[in-house]
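Chemist: In this text, residue positions in the sequence shown follow the numbering used here: the first is 10, and each later residue adds one. The structure is given below, and queries will be raised subsequently.
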Amino acid sequence: MSSTKIKNKIKITQISDLHSNTIKNMDFFMEKIKDFDPDFLILTGDINDYGEKVKIAKTISFIEKLKDIDKKIYYILGNHEERGPLLNEFLQRLRANKVIILRNSDDLIEVNGNLVYIFGSEYFGFDYSTFKARPEYVNIVLAHHSKCIRDNYNGKEDFVFSGHTHGGQVRLPFIGALWAPGEGFFPKYDKGVFAYKNFKIYIDSGMGNTKYNLRFLNRIQFSNITLKGANSLKVE
């Protein structure tokens, strides 16, 4: 993904919609991220499936492994976390693992000579009144469902990173996703890169499933993303 604002490349690892699943090939997963060497990681919601002790424990175990990468980790709420019980307990355990929680809040960091503004929204509690992007920043928005940003377009967004759709879970050749949550049948915004207004949206199809443990022509994924200033996009 590209922006003329970017002076030097920005590398981001995105993880979405884990849903408290267990990653069987965790060593391979960790090796791919470490080899990529991201500047920071983003967790774009539904990392925890629901507020149950067992699921929280599984999710925190996953987070503890991510800490070995020794990079900043940003986290936003998804619908499964917001509607479940024990949310405060889960967030406390994330903070204990030095995860930066963005709830309609932001952070400003310097990455390779770029000023990067990161805003993270809630899902049900979405509030864009605290969005303070500036033209000189690379303005990144984390929203579990990209429709929250599409419906509340500000004009200062550069990149939006989302999940929620699971890529439709079931996809057909030449057609794509049959249905995606929040997007309906034959959705346009299912997975991948989309141009919207004057910014780019990237939707990750996620690392897990919920309710129906089914995927067809749509593998689970995480994304190693490189942002460049030369009109180029690279997602691994």
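Each residue gets a CB set at the ideal place from its N, CA and C atoms; glycine is no exception.
(1) Measure the C-alpha to C-alpha separation of residue 174 and residue 200 and round it to an integer number of angstroms.
(2) Return the first residue and the last residue of the beta strand (DSSP E) that residue 22 is part of.
(3) Roughly how many whole angstroms lie between the Cα atoms of residue 172 and residue 24?
(4) For the region 140-148 against the region 58-77, do three or more pairs of beta-carbon atoms, one drawn from each stretch, fall closer than 8 Å, so that the two count as touching?
(5) Which residues in the same chain have their Cβ closer than 6 Å to the Cβ of residue 95, if we skip the five residues on either side of it in sequence?
(6) What I want to know is whether the C-beta of residue 86 ends up closer than 8 Å to one or more non-hydrogen atoms of the ligand ADP.
(7) For a test of the three-state rule: what should DSSP assign to residue 240, helix, strand or coil?
(8) With distance defined between alpha-carbon atoms, name the residue in 40, 22, 155, 76 nearest to residue 88.
(9) Is the number of C-beta pairs between the region 116-123 and the region 155-166 that are closer than 8 Å three or more?
(10) Given that a residue counts as buried once 16 or more other Cβ atoms are within 10 Å of its Cβ, and exposed if not, what is residue 28?
(11) Tell me whether the region 127-143 and the region 93-112 touch, counting them as touching only if at least three CB pairs, one residue from each stretch, are closer than 8 Å.
Modeler: Taking the geometry as given:
(1) Using only the alpha carbons, I get a separation of about 7 Å.
(2) Judged by DSSP secondary structure, residue 22 falls within the beta strand (DSSP E) whose first and last residues are 19-24.
(3) Roughly 9 Å between the two C-alpha positions.
(4) No contact exists between the region 140-148 and the region 58-77.
(5) Same-chain partners within the cutoff: 60.
(6) The ligand ADP is absent from the structure shown, which contains no ligands of any kind.
(7) At residue 240, the pLDDT of 46 sits below 50, so the modelled position is not reliable; the number obtained from the coordinates is stated separately. Residue 240 sits in coil when the DSSP states are folded into three classes, being neither helix nor strand.
(8) Distances from the alpha-carbon of residue 88 to those of 40, 22, 155, 76 put 155 closest.
(9) By the C-beta criterion, the region 116-123 is judged not to be in contact with the region 155-166, since fewer than 3 inter-stretch pairs fall below 8 Å.
(10) Classification for residue 28: buried.
(11) Contact between the region 127-143 and the region 93-112 is present: three or more C-beta pairs spanning the two stretches fall below 8 Å.
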